[in-house]
Amino acid sequence: MKQAFPLIALLVAFPAFAEETRQLDAHEHGVGALDIAIYGTTVAMAFEAPGADIVGFEYAAKSDADHAAIDTALAALGAPLELFVMPDAAACGVVEAQADLEGGDGHEGHHEDHHDEGGHDTHADHDEDDHADDAGHTEFHAEYTLTCDNPDALTEITFAYFNAFPNAQEVDVQIITISGAHAFEVARDTPTLDLGR
Numbered sequence: 002m003k004q005a006f007p008l009i010a011l012l013v014a015f016p017a018f019a020e021e022t023r024q025l026d027a028h029e030h031g032v033g034a035l036d037i038a039i040y041g042t043t044v045a046m047a048f049e050a051p052g053a054d055i056v057g058f059e060y061a062a063k064s065d066a067d068h069a070a071i072d073t074a075l076a077a078l079g080a081p082l083e084l085f086v087m088p089d090a091a092a093c094g095v096v097e098a099q100a101d102l103e104g105g106d107g108h109e110g111h112h113e114d115h116h117d118e119g120g121h122d123t124h125a126d127h128d129e130d131d132h133a134d135d136a137g138h139t140e141f142h143a144e145y146t147l148t149c150d151n152p153d154a155l156t157e158i159t160f161a162y163f164n165a166f167p168n169a170q171e172v173d174v175q176i177i178t179i180s181g182a183h184a185f186e187v188a189r190d191t192p193t194l195d196l197g198r
């Protein structure tokens, strides 16, 4: 039980650390960010990428085609093990997954993998201050909680993400485990991250 407390502290502090790091970085097209915390059989992930990388535009969705592209992207981002492929031997499964679009007027809202198809939030449901910081830029954000029955087999992650989103070129990855923190860059031409475990 004593080891559970460090995980709780790690997972609570992780989003704040990641957000602080992201705010220091410039919004860069082609570059996404993935933060991973691994403890025992639990894997928590937070992902973000510019709208241009995911749907090819960053303006507020205007047409039916724009809205359809966003819906398709959110559905894809809601399936983390299809984007960030882990070894079968690790026996990982999704506990929770949610994806949303931030910063563009007209199609914000949380979309979960188990959401109601008609349950899209409308712009009127959001506070304008939520979008003021991202004026002119949209970003896709996703959060995942996974469980892996055999975490020792979690030795690599293959980024099928690059196949799903052709405009994406790189993902900056930060991993925190009980043994420390590590940073990596995963590029389209070398889409497998060796976790060195």
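To get my numbering, take the position in the sequence shown, counting from 1, and add 1.
Every residue gets a Cβ at the ideal spot worked out from N, C-alpha and C, and that includes glycine.
Bounding residues of the beta strand (DSSP E) (the contiguous stretch that carries residue i)
i	result
Ile177	Glu171 to Thr178
Gly181	Gly181 to Ala188
Ala34	Val32 to Tyr40
Beta-bridge partners of residue i, as assigned by DSSP
i	result
Ile158	Leu194
Phe48	Leu35 and Ala143
Glu97	Thr146
Candidates the options: closest to residue i by CA position
i	options	result
Thr178	Glu49, Pro81 and Pro152	Pro152
Asp54	Ile176, Val172, Asp195 and Thr43	Val172
Gly33	Gln175, Ala182 and Leu196	Gln175
Val44	Pro81, Ala76, Asp190 and Gly197	Pro81
Glu59	His30, Ala38 and Gly197	His30
Cβ pair residue i, residue j closer than 8 angstroms
i	j	result
Thr193	Glu157	yes
Ala143	Gln99	yes
Ala91	Leu35	no
Tyr145	Glu97	yes
Gly94	Thr148	yes
Pro51	His183	no
Asn164	Gly57	no
Thr42	Asp150	yes
Ile71	Ala61	no
Residue i: first and last residue of the uninterrupted alpha helix (DSSP H) it sits in
i	result
Ala77	Asp65 to Leu78
Pro81	Pro81 to Leu84
Test: residue i CB closer than 8 angstroms to a CB of chain B
i	result
Ile158	No chain B is part of this structure, which consists of one protein chain only.
Anticipated Cβ contact below 8 angstroms, residue i with residue j, distance rounded
i	j	result
Glu49	Ala161	About 18 angstroms separates the two Cβ atoms, so there is no contact after all.
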